[in-house]
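Novice: In UniProt numbering, the protein residues as written are 1 to 300.
The following block contains the structure, expressed as structure tokens.
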């Protein structure tokens, strides 16, 4: 039964690939249309796959029933034929157990085939997302086409592609379509509309990199500047405590917008330790009466 399953699975996959390759206009479809088309193919494949499982289950049930019938028959046989019938029955039971093992292993293999990893979704942090997405595509063995693209096989004058070259090239194009589909699903529609009409996954990935990497670099530079501002904060000459507190909180809020939320204790200690010496008695009084680890910004 294991061989039968392998044959059926290969046959179904070949049919689906041929269906995809025979659609000459597929490459010209827009991204959403390509996604819908591939989704329909995937649903067809799942339906066919489930039908095979149903047929296999029926075969297994029939085999169990026939074995039970053999056991009943053995109980009514004459003593002279008992030994022969028992040997036959034992052989049938062993065959059933082997086939059930084949069925279980094939079921597990097929189930693992349909386990889908969660597609990383771009939530605004491009650097983090690009790392996760690259690892995801690597796990699917599609990263090469997204990173390097695919090139048509080089041909000399008057030469044609061999069957092996055609098969390899079609396989790469299919990988490229799947990689592009995963990228479609990883971003929001508002972003997708700006880079929808890219011919392949490499162009799509490069466009995302160009669009967000520069922005990410600018954000990192701005964040580093804010961190330096916070670390070097000191009350200015003639500046009131209230104004200094507001200036400190403004920088802390900007850092929070850029992804780093400062704890209350960090802000409080920064304010207390950057005051002028004339406020030392106030600072000592606060630290003696309150635990700064438990003190909130509002209480300060």
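Using N, Cα and C, we set each Cβ at its ideal position, and we do this for glycine too.
Using the Cα positions of residue 175 and residue 245, report the straight-line distance between them to the nearest angstrom.
Specialist: Residue numbering aside, residue 175 sits at position 175 when the chain shown is read from its first letter. Residue numbering aside, residue 245 sits at position 245 when the chain shown is read from its first letter. One C-alpha to the other measures close to 56 Å.
Novice: Does the segment 227 to 247 come close enough to the segment 173 to 192 that 3 or more CB-CB pairs lie under 8 Å?
Specialist: With the cut-off at 8 Å, the segment 173 to 192 and the segment 227 to 247 do not touch.
Novice: Near residue 183, which residues of its chain fall below 8 Å by C-beta distance, leaving aside the five closest residues on each side in sequence?
Specialist: By 1-based counting over the chain shown, the position of residue 183 is 183. 133, 146, 201, 204, 205 and 208, listed in sequence order.
Novice: Let me check understanding here. Comparing Cα to Cα, which of 159, 181, 195 and 151 lies closest to residue 168?
Specialist: Walking along the chain shown from the start, residue 168 turns up at place 168. It is 151 whose Cα lies nearest to the Cα of residue 168.
Novice: Could you give the distance in angstroms between the alpha-carbon of residue 142 and the alpha-carbon of residue 190?
Specialist: Locating residue 142 in the chain shown gives position 142, where the first residue counts as 1. Locating residue 190 in the chain shown gives position 190, where the first residue counts as 1. Each residue's alpha carbon lies about 25 Å from the other.
Novice: In three-state DSSP terms, what is residue 202?
Specialist: Your numbering for residue 202 matches position 202 in the chain shown. In the structure shown, residue 202 sits in a helix (DSSP, three-state: H, G or I).
Novice: Looking at the structure shown, is residue 223 part of a helix, part of a strand, or coil, going by DSSP?
Specialist: Translated into positions along the chain shown, residue 223 becomes position 223. Helix.
Novice: With a threshold of 8 Å on Cβ separation, who are the neighbours of residue 223 within its own chain once the five nearest residues in sequence on each side are excluded?
Specialist: Mapped onto the chain shown, residue 223 falls at position 223. Only 255, 258, 259 and 260 meet the Cβ criterion.
Novice: Grab the span of the alpha helix (DSSP H) containing residue 170 for me, first residue to last.
Specialist: As a first step, residue 170 is located in the chain shown; it is residue number 170 there, counting from the start. Start and end: 163 to 186.
Novice: Mark residue 137 as exposed unless 16 or more other C-beta atoms lie within 10 angstroms of its C-beta, in which case mark it buried.
Specialist: Translated into the one-based positions of the chain shown, residue 137 becomes position 137. Flag for residue 137 reads buried.
Novice: Please state whether DSSP places residue 134 in a helix, a strand or coil.
Specialist: Looking up residue 134 in the chain shown gives position 134. Looking at residue 134 - three-state DSSP - the assignment turns out to be helix.
Novice: How long is the line joining the alpha carbons of residue 241 and residue 271, rounded to whole angstroms?
Specialist: Against the chain shown, residue 241 aligns to sequence position 241. Against the chain shown, residue 271 aligns to sequence position 271. Distance between the alpha carbons of residue 241 and residue 271 is about 9 Å.
Novice: For a quick check, are the C-beta atoms of residue 122 and residue 187 less than 7 Å apart?
Specialist: Locating residue 122 in the chain shown gives position 122, where the first residue counts as 1. Locating residue 187 in the chain shown gives position 187, where the first residue counts as 1. Yes, Cβ-Cβ distance for residue 122 and residue 187 is below 7 Å.
Novice: Would residue 267 and residue 252 qualify as a contact pair, given that the criterion is a beta-carbon distance under 7 Å?
Specialist: Numbered from 1 along the chain shown, position 267 holds the residue referred to as residue 267. Numbered from 1 along the chain shown, position 252 holds the residue referred to as residue 252. Their beta carbons are under 7 Å apart, which means residue 267 touches residue 252 by this criterion.
Novice: Buried or exposed: which applies to residue 114, given that a residue is buried once 16 or more other Cβ atoms fall within 10 Å of its Cβ?
Specialist: Here residue 114 is taken as the residue at index 114 of the chain shown, counted from 1. At residue 114 the pLDDT is 41, less than 50, meaning the model places this residue with poor confidence; the figure from the coordinates comes in the next sentence. So residue 114 counts as exposed.
Novice: Within 10 Å of its beta-carbon, does residue 181 have 16 or more other beta-carbons around it, so buried, or fewer, so exposed?
Specialist: To locate residue 181, count along the chain shown from 1; it is residue 181. Buried: at least 16 other Cβ atoms inside 10 Å.
Novice: Under 7 Å Cβ to Cβ from residue 119, same chain only, skipping five residues before and after it: list those, please.
Specialist: The residue given as residue 119 occupies position 119 in the chain shown. So the qualifying residues of the chain are 136, 182, 185 and 186.
Novice: Can you tell me whether residue 232 is buried or exposed, with buried defined as 16 or more other CB within 10 angstroms of its CB?
Specialist: Stepping through the chain shown from its first residue, residue 232 is reached at position 232. Classification of residue 232: exposed, given that the 10 Å Cβ count is below 16.
Novice: My output table needs one value for residue 251: the three-state DSSP class, helix, strand or coil.
Specialist: Along the chain shown, read from residue 1 onward, the residue named residue 251 stands at position 251. The answer is helix: DSSP assigns residue 251 an H, G or I state.
Novice: Taking just the CA atoms, how far does residue 247 sit from residue 239?
Specialist: Your numbering for residue 239 matches position 239 in the chain shown. Your numbering for residue 247 matches position 247 in the chain shown. Looking at the two C-alpha atoms, the distance is approximately 10 Å.
Novice: Taking the alpha helix (DSSP H) that residue 146 belongs to, which residues open and close that run?
Specialist: The count along the chain shown starts at 1 and reaches residue 146 at position 146. Start and end: 143 to 148.
Novice: CB residue 234 to CB residue 274, shorter than 7 Å?
Specialist: By 1-based counting over the chain shown, the position of residue 234 is 234. By 1-based counting over the chain shown, the position of residue 274 is 274. Result yes, Cβ atoms of residue 234 and residue 274 sit closer than 7 Å.
Novice: Quick check on residue 209: does DSSP put it in helix, strand or coil?
Specialist: Numbered from its first residue, the chain shown carries residue 209 at position 209. The answer is helix: DSSP assigns residue 209 an H, G or I state.
Novice: Please confirm whether residue 212 and residue 126 have their CB atoms less than 7 Å apart.
Specialist: For the purposes of this step, residue 212 is identified with residue 212 of the chain shown, where counting begins at 1. For the purposes of this step, residue 126 is identified with residue 126 of the chain shown, where counting begins at 1. Result yes, Cβ atoms of residue 212 and residue 126 sit closer than 7 Å.
Novice: Note the first and the last residue of the continuous alpha helix (DSSP H) segment covering residue 155.
Specialist: Your numbering for residue 155 matches position 155 in the chain shown. No alpha helix (DSSP H) holds residue 155; DSSP gives it neither H nor E.
Novice: In three-state DSSP terms, what is residue 232?
Specialist: Locating residue 232 in the chain shown gives position 232, where the first residue counts as 1. Residue 232 falls in the coil class under three-state DSSP.
Novice: Identify the continuous alpha helix (DSSP H) that holds residue 264 and give its terminal residues.
Specialist: Within the chain shown, residue 264 is the residue found at index 264, counting from 1. Unbroken alpha helix (DSSP H) run through residue 264: 264 to 273.
Novice: Would you report the Cα separation of residue 218 and residue 124, rounded to the nearest angstrom?
Specialist: Position 218 of the chain shown holds residue 218. Position 124 of the chain shown holds residue 124. Straight-line Cα distance between these residues: approximately 14 Å.
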